[in-house]
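Protein chains in written order, with this note's numbering: chain A, 25 to 249; chain B, 25 to 249. Each residue gets a CB set at the ideal place from its N, CA and C atoms; glycine is no exception. Have a look at the structure below before the remarks.
There are 2 protein chains.
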Amino acid sequence: MKNDRRVSRTRRLMLDALMALIEERGYEKITVQDILDRADVGRSTFYAHFRDKDELLLSWFEHLRELFELQQQDLLAARRNGSVPGVNMVLDLFRHTAEHHKLYKAVAGRQSGEMILKYLHRYLNGLLLPVFEELSRSRREPPVPVEVTVNFLVSTLFSLMTWWLDRDMPYPAEKMEEMFRTLTRPAIEAALGTPPAEVPEAVNKNDTVGGFYRLFIDSVCCAGR
Amino acid sequence: MKNDRRVSRTRRLMLDALMALIEERGYEKITVQDILDRADVGRSTFYAHFRDKDELLLSWFEHLRELFELQQQDLLAARRNGSVPGVNMVLDLFRHTAEHHKLYKAVAGRQSGEMILKYLHRYLNGLLLPVFEELSRSRREPPVPVEVTVNFLVSTLFSLMTWWLDRDMPYPAEKMEEMFRTLTRPAIEAALGTPPAEVPEAVNKNDTVGGFYRLFIDSVCCAGR
DNA sequence: TTTATTATCGAACATCATGTTCATTATCGA
DNA sequence: TCGATAATGAACATGATGTTCGATAATAAA
């Protein structure tokens with residue numbers, strides 16, 4: 025059965041072990057054996073659940089993704105009710121990062137595995153793409169294809185994040201968010217071929233990115249599931 | 025002795041084998057044994073020269089770096105003589121990439137090793153940093169620290185490159201270069217806090233990036249050393 | 001050409017991580 | 001309680017890594 029306590033128990037044990045080990049050494053340096061030892065779980069048990077290390081980590085992201093999409097729906101519903109969320113989610117992202125930098129560093133820092141970043145990259149791309157396609161529909165043939173613009177945005181966010189983490193956060197989160205806006209806002213304008221007046225909306229949509237990260241780190245740090 | 029024919033011969037054999045294998049399968053999927061088989065070199069010989077796969081590849085970059093720095097000096101000398109290089113080096117980069125996309129894909133594509141990209145990233149950063157520090161000296165306290173701006177530039181170049189390669193180059197090189205300019209030019213202006221008038225210089229300096237890549241791929245494809 | 005040097009060979013070896021198998025045991029839901 | 005099945009753990013096959021060492025061949029220097 026799906027709702028077998030044994031199943032969820034072992035999965036939780038293995039995920040907890042993985043998270044702890046990532047914090048300690050970084051994803052790359054972990055072997056399956058390490059996870060087994062830490063989780064105190066049999067070797068064959070692991071392979072009964074996942075094919076390899078990556079699949080274990082991905083199962084965790086899957087779980088996060090579901091949570092995130094629920095949150096998204098709430099947010100959309102709130103918007104329909106006319107209430108404007110006064111928060112800056114990119115800023116929240118950087119704040120959360122500062123607070124939980126150890127884990128973030130393991131996931132996004134220089135010594136982390138590319139697999140995680142690539143997964144997140146792809147996911148955020150898919151998330152922002154429809155938003156920007158919507159945005160660009162009102163304009164005709166933007167100088168830069170929407171797909172490229174979105175990819176550029178995510179890359180910039182990641183590059184700021186990793187730079188910041190690798191240097192142990194020499195600036196406050198507020199400054200980082202400001203940099204992100206300074207760098208991307210004019211670029212988005214230029215890419216969409218938008219007159220400056222319409223910019224605020226673009227920046228707004230951008231906040232979707234932060235939304236994911238916020239939930240992301242919240243879920244991570246409680247380490248529960 | 026250093027100038028022993030045997031040494032340079034085995035090193036060349038191993039490098040050639042590595043390059044061929046990278047083109048075929050990508051860096052990740054190669055084992056030391058593969059290199060040995062292809063190069064027809066003894067196991068112990070390999071470890072007499074390098075500690076692992078990465079070190080072999082790095083030795084190749086080291087070699088490229090030297091060549092590049094020589095070219096840089098020539099270029100600087102030419103500039104002192106008053107002759108303005110009329111070429112757009114970023115454009116050249118994208119053209120070379122299109123021409124030798126197979127190898128580029130192995131090095132910079134989605135399935136390549138992060139190690140190479142990280143190395144290049146760091147190198148280009150170090151290259152552009154003094155240039156932009158010089159640029160920003162005339163201005164006081166730019167909105168974005170120079171270090172971040174440079175990192176952003178390299179990231180953007182890489183993101184365009186990999187996006188392009190992963191999708192089998194759906195646009196001509198000219199279009200890609202145009203996008204790069206569209207995205208980065210206004211961002212650089214904003215980051216440096218520069219009035220639009222002074223921009224051309226910034227774009228000019230940027231060309232240094234392409235300079236490396238041009239030589240980079242030239243050296244690669246001839247496969248000689 | 002001769003000689004002393006040393007890079008290469010190759011085969012063996014230890015080590016370690018991966019992934020599979022299977023009979024046994026413990027735990028679960030019904 | 002009972003049938004189902006998840007977890008165990010030990011054994012095994014596989015394959016990559018990195019080391020060692022005596023023999024051999026190529027090399028630079030004399």
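Use the C-beta contact count for Tyr51/A: other C-beta atoms within 10 angstroms, 16 or more gives buried, fewer gives exposed.
Here residue 51/A corresponds to residue number 27 of the first sequence, with the count starting at 1. Counting Cβ neighbours within 10 Å, Tyr51/A comes out buried, since at least 16 surround it.
Starting from Met203/B, find everything on chain A with Cβ-Cβ shorter than 7 Å and list it in chain order.
Position 179 of the second sequence, counted from the first residue, corresponds to residue 203/B. Residues of chain A passing the Cβ test: Val168 and Val172.
By the DSSP assignment, the alpha helix (DSSP H) with Ile46/A in it spans what residues?
On the first sequence, residue 46/A is found 22 positions in, with the first residue counted as 1. Per DSSP, Ile46/A belongs to the alpha helix (DSSP H) from Arg29 to Arg49.
Is there a Cβ from chain A that is less than 8 Å from the Cβ of Ser179/B?
In the second sequence, the residue the question calls residue 179/B occupies position 155. So yes, Ser179/B belongs to the interface.
Rounded C-alpha distance that separates Ala215/A from Glu202/A
Mapped onto the first sequence, residue 215/A falls at position 191. Mapped onto the first sequence, residue 202/A falls at position 178. If I take the Cα positions, the gap works out to 20 Å.
Give me the residue from Asn27/A, Glu90/A and Arg35/A with the minimum Cα distance to His73/A.
The residue given as residue 73/A occupies position 49 in the first sequence. Closest option to His73/A, Cα to Cα, is Arg35/A.
Could you tell me which chain B residues have their CB closer than 7 Å to the CB of Ser183/A, listed as they occur along the chain?
As a first step, residue 183/A must be located in the first sequence, where it is residue number 159. Correct list: Asn175, Phe176 and Ser179.
Contact check, Tyr147/A vs Leu82/A under 8 Å by CB: the rounded distance?
Locating residue 147/A in the first sequence gives position 123, where the first residue counts as 1. Locating residue 82/A in the first sequence gives position 58, where the first residue counts as 1. Contact flag wrong, Cβ pair sits at about 11 Å.
Starting from the C-beta of Phe85/A, find all residues in its chain whose C-beta is less than 7 Å away, skip the five residues before and the five after it, and write them out in chain order.
Here the question's residue 85/A lines up with position 61 in the first sequence. Cβ within range, chain order: Tyr143.
If you run the structure through DSSP and keep just helix, strand and coil, what is Val168/B?
Your numbering for residue 168/B matches position 144 in the second sequence. Looking at Val168/B - three-state DSSP - the assignment turns out to be coil, as it is neither helix nor strand.
Name the chain A residues that come within less than 7 Å of Glu138/B, Cβ to Cβ?
Along the second sequence, read from residue 1 onward, the residue named residue 138/B stands at position 114. Here the neighbours are Glu138.
Cβ pair Pro166/B, Gly217/B closer than 8 Å:
On the second sequence, position 142 is the one that residue 166/B refers to. On the second sequence, position 193 is the one that residue 217/B refers to. Yes, they are a contact pair.
Pairwise C-alpha distance: Ile140/A and Trp188/A
For the purposes of this step, residue 188/A is taken as residue 164 along the first sequence, with counting starting at 1. For the purposes of this step, residue 140/A is taken as residue 116 along the first sequence, with counting starting at 1. Answer to the nearest angstrom: the Cα atoms are 18 Å apart.
Counting C-beta neighbours from all protein chains within 10 Å, is the total for Gly137/B 16 or more, i.e. buried, or is it exposed?
In the second sequence, counting from the first residue as 1, residue 137/B sits at position 113. Buried: at least 16 other Cβ atoms inside 10 Å.
Is it buried or exposed, Asn175/A, if we count other Cβ atoms within 10 angstroms and call 16 or more buried?
Counting from one through the first sequence, the residue named residue 175/A turns up at place 151. The residue is buried, with at least 16 neighbouring Cβ atoms inside 10 Å.
Report the residue ranges of all alpha helix (DSSP H) runs contained in full by the segment 114-199 of chain A; include only those spanning at least 4 residues, in chain order.
125-132, 138-161 and 170-190
I need the straight-line Cα distance from Lys77/B to Phe182/B, nearest angstrom please.
Sequence index remark: in the second sequence, residue 77/B carries index 53 (1-based). Sequence index remark: in the second sequence, residue 182/B carries index 158 (1-based). When rounded, the distance between both Cα atoms is 23 Å.
Any Cβ of chain A within less than 8 Å of the Cβ of Ala130/B?
As a working note, residue 130/B is residue 106 in the second sequence. Ala130/B does not count as touching chain A.
Can you check whether the CB of Met43/A is closer than 8 Å to the CB of Ala63/A?
Reading the first sequence from its first residue, position 39 is the one you call residue 63/A. Reading the first sequence from its first residue, position 19 is the one you call residue 43/A. Their beta carbons are not under 8 Å apart, which means Ala63/A does not touch Met43/A by this criterion.
Test: Ala122/A CB closer than 8 Å to a CB of chain B:
Here residue 122/A is taken as the residue at index 98 of the first sequence, counted from 1. So no, Ala122/A is outside the interface.
In chain B, what lies closer than 8 Å to Ala214/A by C-beta?
Locating residue 214/A in the first sequence gives position 190, counting from the first residue. Residues of chain B passing the Cβ test: Thr206, Leu207, Arg209 and Pro210.
Starting from Trp84/A, find everything on chain B with Cβ-Cβ shorter than 9 Å and list it in chain order.
Against the first sequence, residue 84/A aligns to sequence position 60. Correct list: empty, because the minimum Cβ distance to chain B is about 21 Å.
Rounded straight-line distance, which links the Cα of Thr121/A to that of Tyr128/A
Here residue 128/A is taken as the residue at index 104 of the first sequence, counted from 1. Here residue 121/A is taken as the residue at index 97 of the first sequence, counted from 1. Straight-line Cα distance between these residues: approximately 6 Å.
Please classify Ala101/B as buried or exposed, where buried requires at least 16 neighbouring CB atoms within 10 angstroms.
Taking the second sequence and counting its residues from 1, one reaches residue 101/B at position 77. That one is exposed.
What is the residue span of the alpha helix (DSSP H) that Thr261/A lies within?
Past the edges of chain A, shown from 25 to 249, lies residue 261/A, and the structure says nothing about it.
With the cut-off set at 8 Å, would you say Leu152/B and Leu177/B are in Cβ contact?
By one-based count along the second sequence, residue 152/B stands at place 128. By one-based count along the second sequence, residue 177/B stands at place 153. Yes, they are a contact pair.
Could you tell me the alpha carbon to alpha carbon distance between Lys126/A and Leu184/B, rounded to whole angstroms?
Start at 1 with the first residue of the first sequence, and residue 126/A comes out as number 102. Start at 1 with the first residue of the second sequence, and residue 184/B comes out as number 160. In a straight line, the C-alpha of Lys126/A is about 30 Å away from that of Leu184/B.
At what residues does the alpha helix (DSSP H) containing Asp61/A begin and finish?
Mapped onto the first sequence, residue 61/A falls at position 37. Here the alpha helix (DSSP H) through Asp61/A covers Val56 to Ala63.
Cut-off 8 Å between Cβ atoms - residues of its own chain near Gly66/B, not counting five sequence neighbours on either side:
Start at 1 with the first residue of the second sequence, and residue 66/B comes out as number 42. Around Gly66/B: Leu60.
Could you say which of Phe156/B, Ser162/B and Leu117/B lies nearest to Lys199/B if we only look at CA atoms?
Numbered from 1 along the second sequence, position 175 holds the residue referred to as residue 199/B. With distances taken between Cα atoms, Lys199/B lies closest to Leu117/B.
Are the beta-carbon atoms of Leu207/B and Thr173/B separated by less than 8 Å?
As a working mapping, residue 207/B is identified with position 183 in the second sequence. As a working mapping, residue 173/B is identified with position 149 in the second sequence. No. Outside cutoff.
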